[in-house]
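Protein chains: 2
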Amino acid sequence: MKLSRLLRLRSLFYSSYEKRLAASIKHMVGSKPFNLSLYKLAIKHAAAAEETVNGMKISNERLEYLGDAVLGAVVAEFLFIKYPFRDEGFLTETRSRMVNREALNHIAIKLGLSKIIEEEYRGKNVGTHKSIYGDALEAMVGAVYLDRGYEFCKKFILRRIIIHFDLDSIINTTTNFKSKVIEWSQKENSSVDFRTVSIDGSQRFKEFVVELLINNEPVATGKGATKKKAEQEAAKNACEILNIAV
Amino acid sequence: MKLSRLLRLRSLFYSSYEKRLAASIKHMVGSKPFNLSLYKLAIKHAAAAEETVNGMKISNERLEYLGDAVLGAVVAEFLFIKYPFRDEGFLTETRSRMVNREALNHIAIKLGLSKIIEEEYRGKNVGTHKSIYGDALEAMVGAVYLDRGYEFCKKFILRRIIIHFDLDSIINTTTNFKSKVIEWSQKENSSVDFRTVSIDGSQRFKEFVVELLINNEPVATGKGATKKKAEQEAAKNACEILNIAV
Numbered sequence: 001m002k003l004s005r006l007l008r009l010r011s012l013f014y015s016s017y018e019k020r021l022a023a024s025i026k027h028m029v030g031s032k033p034f035n036l037s038l039y040k041l042a043i044k045h046a047a048a049a050e051e052t053v054n055g056m057k058i059s060n061e062r063l064e065y066l067g068d069a070v071l072g073a074v075v076a077e078f079l080f081i082k083y084p085f086r087d088e089g090f091l092t093e094t095r096s097r098m099v100n101r102e103a104l105n106h107i108a109i110k111l112g113l114s115k116i117i118e119e120e121y122r123g124k125n126v127g128t129h130k131s132i133y134g135d136a137l138e139a140m141v142g143a144v145y146l147d148r149g150y151e152f153c154k155k156f157i158l159r160r161i162i163i164h165f166d167l168d169s170i171i172n173t174t175t176n177f178k179s180k181v182i183e184w185s186q187k188e189n190s191s192v193d194f195r196t197v198s199i200d201g202s203q204r205f206k207e208f209v210v211e212l213l214i215n216n217e218p219v220a221t222g223k224g225a226t227k228k229k230a231e232q233e234a235a236k237n238a239c240e241i242l243n244i245a246v
Numbered sequence: 001m002k003l004s005r006l007l008r009l010r011s012l013f014y015s016s017y018e019k020r021l022a023a024s025i026k027h028m029v030g031s032k033p034f035n036l037s038l039y040k041l042a043i044k045h046a047a048a049a050e051e052t053v054n055g056m057k058i059s060n061e062r063l064e065y066l067g068d069a070v071l072g073a074v075v076a077e078f079l080f081i082k083y084p085f086r087d088e089g090f091l092t093e094t095r096s097r098m099v100n101r102e103a104l105n106h107i108a109i110k111l112g113l114s115k116i117i118e119e120e121y122r123g124k125n126v127g128t129h130k131s132i133y134g135d136a137l138e139a140m141v142g143a144v145y146l147d148r149g150y151e152f153c154k155k156f157i158l159r160r161i162i163i164h165f166d167l168d169s170i171i172n173t174t175t176n177f178k179s180k181v182i183e184w185s186q187k188e189n190s191s192v193d194f195r196t197v198s199i200d201g202s203q204r205f206k207e208f209v210v211e212l213l214i215n216n217e218p219v220a221t222g223k224g225a226t227k228k229k230a231e232q233e234a235a236k237n238a239c240e241i242l243n244i245a246v
């Protein structure tokens, strides 16, 4: 705790830019930052990173990796407690829909993180990398975790991030990747077929491997405990590979 | 804290089976369990779960989902701090090697969790599901987290689980999936080819999609920022699909 107090003293010597940033962080996180440099790093996207003398790039990617893991754990517990009678398949699927880049991007904009980043990048040629805000939000979670510890970070995630999710709609809109691929193929005048590649396992634990073919060319594969699940998985992968909007 | 004390009082009324289990847990986790029923659940594999009246199966799968997330976060932070100059690609890869089923299976055996489970299943026809111990270890992490909170669980993971990893060998043995597939194909008298399906993205962010063909039949696809990485990814997927030991 002593170190964090010393870091707070640093705030007496903040530049006007740092004062503004600290105030924005306070608004967003709910408390003044102890170690502002963590937050400064969190808003530094790889595309805007300066190279240091020895050729290393300092960007928010490491913080993003950490934040992603912490966010995953907190969301996992949140769903675990909220849905005591649902199985782990439902929980895993719901979690992956919540922590995907697109959803986080929206929340980053709602939280005002996008504004902080835009100011940071003003005048720099960063280009438009579409998940820049979602990435920064994950990095911000990593920064809060390192700055204030797990319990504080968990509260931040529950009160300021998860609150923005419309859980009912997330759960009810089961994205049907199969139908997305079929829609797409009709526009493109292509054929879509599924082919079972292999079936593994015992009676209890089966694993189907299914291949998705477009115009008889294999595009993606998927695995699952049922043929239907494997097809969905293959269709999902195909959507990614073919850049089909879902 | 009061609730946990009340739960401790329960230990006065433990059956002899519960007493033995509580003692084993204490050995493994480093402290007496507050809520023994969590740990009882953690060692109940889906294949051995009894059905309740309303057709639901009570097993450790939900706890496994939670434990997996918590373990991921703790390992992420451990690597983040241990390797301050490595990029997030290295950290992600190392983490996924550490928390894979096979590695966790070995550690569960070292920790003695396998013995607890074997005793639990004695006389039941469970069959041999190979990742049963690793699954139970993840569920155990989930149980420790719910029973004792994040900080205690983190210490448990760092002192009792991570300590068993031979990090140097994990990092140095970069599994070369490509060569594994080629080795396998020579045994099987099959041909292996890679075909680039698409190249996406701007100059800064490129994404290659590569397909792996065996005997001119596509088996798996992979994506990556370089052609080499995409090929490795495709080979990795092929190893999974074809059940090639790595």
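First to last, the protein sequences are chains Y and C.
According to UniProt numbering, the first sequence is numbered sequentially starting from 1.
According to UniProt numbering, the second sequence is numbered sequentially starting from 1.
Note that CB positions come from ideal geometry on N, CA and C, so glycine has one too.
These figures come from a predicted structure and were not determined experimentally.
{"Query": "What residues of chain Y sit near Val181 (chain C), judged by a beta carbon separation below 7 Å?", "Result": "Per Cβ cutoff of 7 Å: no residues; Val181 (chain C) is ~15 Å from chain Y at best."}
{"Query": "Taking the straight line between their C-alpha atoms, what separation do you get for Ala49 (chain C) and Lys236 (chain Y)?", "Result": "31 Å"}
{"Query": "List, in chain order, every chain Y residue whose beta-carbon is nearer than 8 Å to that of Asp87 (chain C).", "Result": "Glu61 and Arg62"}
{"Query": "Using the three-state DSSP reduction, which class does Ile58 (chain Y) fall into: helix, strand or coil?", "Result": "coil"}
{"Query": "Using beta carbons (cut-off 8 Å, strictly below), is Val99 (chain Y) in contact with chain C?", "Result": "no"}
{"Query": "Buried or exposed for Ser59 (chain Y), please, with buried defined as at least 16 other CB atoms from any protein chain shown within 10 angstroms of its CB.", "Result": "buried"}
{"Query": "Mind checking if Ile241 (chain C) is an interface residue toward chain Y, Cβ cutoff 8 Å exclusive?", "Result": "yes"}
{"Query": "Do the segment 62-70 of chain C and the segment 135-150 of chain C make contact, defined as three or more Cβ pairs closer than 8 Å?", "Result": "yes"}
{"Query": "Taking DSSP's pairing of strands, which residues face Ser198 (chain C) in a bridge?", "Result": "C:Val209"}
{"Query": "Could you run through the segment 67-93 of chain C and flag, in chain order, every residue whose CB is less than 7 Å away from some CB of chain Y?", "Result": "Ala69, Val70, Gly72, Ala73, Ala76, Glu77, Phe80, Asp87, Glu88, Leu91 and Thr92"}
{"Query": "Determine, for Thr173 (chain Y), whether the minimum Cβ-Cβ distance to residues of chain C falls below 8 Å.", "Result": "no"}
{"Query": "Since His154 (chain C) is in the alpha helix (DSSP H), which residue starts that stretch and which ends it?", "Result": "The sequence as given places Lys at residue 154 (chain C); His does not occur at that position. Tyr150 to Phe156 is the span of the alpha helix (DSSP H), which, as asked, contains Lys154 (chain C)."}
{"Query": "Could you check how far apart the C-beta atoms of Arg62 (chain C) and Phe80 (chain Y) are, in whole angstroms? I think they sit under 8 Å.", "Result": "7 Å"}
{"Query": "With DSSP run on the structure shown, which of helix, strand or coil describes residue 262 (chain C)?", "Result": "Beyond the ends of chain C as shown, which are 1 and 246, falls residue 262 (chain C); an answer cannot be given."}
{"Query": "With a threshold of 16 other CB atoms inside 10 Å of the CB of Gly222 (chain Y), please say whether the residue is buried or exposed.", "Result": "buried"}
{"Query": "Using a 10 Å radius around the Cβ and a threshold of 16 neighbouring Cβ atoms, would you call Ala230 (chain Y) buried or exposed?", "Result": "buried"}
{"Query": "Note down, in chain order, every chain C residue with its Cβ under 7 Å from the Cβ of Ala220 (chain Y).", "Result": "Thr221"}
{"Query": "Runs of 3 residues minimum, wholly inside the UniProt domain \"RNase III\" (14-149) of chain C: which ones carry the beta strand (DSSP E) assignment?", "Result": "none"}
{"Query": "Is it buried or exposed, Arg148 (chain C), if we count other Cβ atoms within 10 angstroms and call 16 or more buried?", "Result": "buried"}
{"Query": "Need the endpoints of the alpha helix (DSSP H) that Ala220 (chain Y) sits in, please.", "Result": "First-last for Ala220 (chain Y): Glu217 to Gly224, but that is the beta strand (DSSP E), not the alpha helix (DSSP H)."}
{"Query": "Taking all protein chains shown into account, do 16 or more other C-beta atoms lie within 10 angstroms of the C-beta of Lys228 (chain Y), making it buried, or fewer, making it exposed?", "Result": "exposed"}
{"Query": "Does DSSP put Asp168 (chain C) in a helix, in a strand, or in coil?", "Result": "helix"}
{"Query": "Mind reading off the beta-carbon distance from Leu7 (chain Y) to Phe34 (chain Y)? Whole number of angstroms is fine, and I expect it under 8 Å.", "Result": "5 Å"}
{"Query": "Using only alpha-carbon positions, find the residue among C:Ala22, C:Leu3 and C:Met28 that is nearest to Arg159 (chain C).", "Result": "C:Met28"}
{"Query": "Thinking just about the alpha-carbon of each residue, which of C:Ser11, C:Glu102 and C:Val74 is nearest to the one in Ala245 (chain C)?", "Result": "C:Glu102"}
{"Query": "Reducing DSSP to helix, strand and coil, say where Ile244 (chain C) ends up.", "Result": "coil"}
{"Query": "To the nearest angstrom, how far is the alpha carbon of Tyr145 (chain C) from that of Arg122 (chain C)?", "Result": "28 Å"}
{"Query": "Only counting the same chain, and skipping five residues up and downstream in sequence, which positions put a Cβ closer than 7 Å to that of Ala225 (chain Y)?", "Result": "Lys206 and Glu207"}
{"Query": "Alpha carbons only, please: which of C:Leu3, C:Ser24, C:Val99 and C:Tyr17 is nearest the one belonging to Gly72 (chain C)?", "Result": "C:Val99"}
{"Query": "Are the C-beta of Val209 (chain C) and some C-beta of chain Y separated by less than 8 Å?", "Result": "yes"}
{"Query": "The segment 135-156 of chain Y: which residues have C-beta closer than 9 Å to a C-beta of chain C, in chain order?", "Result": "Gly142, Tyr145, Leu146, Gly149, Tyr150, Glu151 and Lys154"}
{"Query": "Taking Lys40 (chain Y) as the reference, which of Y:Leu21, Y:Cys153, Y:Glu64 and Y:Lys26 has the closest Cα?", "Result": "Y:Leu21"}
{"Query": "Tell me which same chain residues have a C-beta within less than 7 Å of the C-beta of Cys239 (chain Y), skipping the five on either side of it?", "Result": "Phe177, Lys180, Val181 and Val246"}
{"Query": "Figure out for me which residue from C:Val209, C:Ile214, C:Glu120 and C:Ile109 has the closest Cα to the Cα of Lys187 (chain C).", "Result": "C:Ile214"}
{"Query": "Using a C-beta to C-beta distance shorter than 8 Å, which residues of chain Y count as neighbours of Tyr65 (chain C)?", "Result": "Ala76, Phe80, Glu88, Leu91 and Thr92"}
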